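Worksheet: the structure to be examined is printed underneath.
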Amino acid sequence: MMQIGKFRKDRCGNNSGFTMMEVIMVLVLLGIIAAVAVTRIVSTLDSKVAVERDILKTHLRYVQLRALSDDTPWGMSFAGSSYTARRGGNVATYNLPNENSATHNLPDGITVTGSTVAFDEWGSPGNVNIQLTMSAGGGTFNITKNTGFIQ
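In terms of the numbering used here, the sequence shown opens at residue 11 and continues consecutively.
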């Protein structure tokens, strides 16, 4: 016989319901699922920043190599969420690697700040160290004076 609003009793006379062990197991499983979900969200942004960092380094090296093979300086100018390759003072007529134009647009939430970088026919940015900063944990890029070493 079962009454509304009260727990029914099983054969041994105990109230039926969830045991403490069942409640703890459900909470542990929810905690594990939440931890995995948060980790995936954070690692997705980190991987996007890492990819954009590598792309920027590749594009800087590309512009530097173009300058080495040309008697006109090549460089790169930065405008917040994009950067553009330049030949002399003009926008380059050559596309950046794996791009459809001389401009690369960064994903939402990622920006690059710094001065315009210009490489001469020796691949040097001049006699001043140049520092570029990528937002969202991307860190900084240092371009060493005279040598043009990008790190």
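Where a beta carbon is used, it is the ideal one built from N, C-alpha and C, also for glycine. Here the structure is a predicted model, which means the values were calculated and not measured.
So what does residue i bridge to, in DSSP terms?
i, result
"Val122", "Gly90, Met144"
"Gly41", "None, per the DSSP bridge assignment."
"Gly85", "Arg96, Ala128"
Is it right to say residue i is buried, meaning 16 or more other beta carbons lie within 10 angstroms of its own, or is it exposed?
i, result
"Trp84", "buried"
"Arg76", "buried"
"Ser111", "exposed"
"Leu37", "exposed"
"Phe88", "buried"
"Ile120", "buried"
"Ile43", "exposed"
"Gly149", "exposed"
"Met30", "exposed"
"Leu66", "buried"
"Gly158", "buried"
"Val46", "exposed"
"Phe129", "buried"
"Arg50", "exposed"
Let's see if you can read the secondary structure: which residues bound the beta strand (DSSP E) around residue i?
i, result
"Asn115", "113–115"
"Phe151", "149–153"
"Val127", "127–129"
Per DSSP, what kind of secondary structure is residue i in: helix, strand or coil?
i, result
"Val33", "helix"
"Gly98", "coil"
"Gly27", "coil"
"Gly158", "coil"
"Val48", "helix"
"Val59", "helix"
Roughly how far, in whole angstroms, is the beta-carbon of residue i from the beta-carbon of residue j, given that I think they are within contact range, below 8 Å?
i, j, result
"Val127", "Pro135", "6 Å"
"Asn139", "Ile153", "7 Å"
Given the structure, does residue i come close to the ligand NAP, in the sense that its CB is under 7 Å from one of the ligand's heavy atoms?
i, result
"Ile43", "Within the structure as shown, the ligand NAP is missing, as the structure has no ligands at all."
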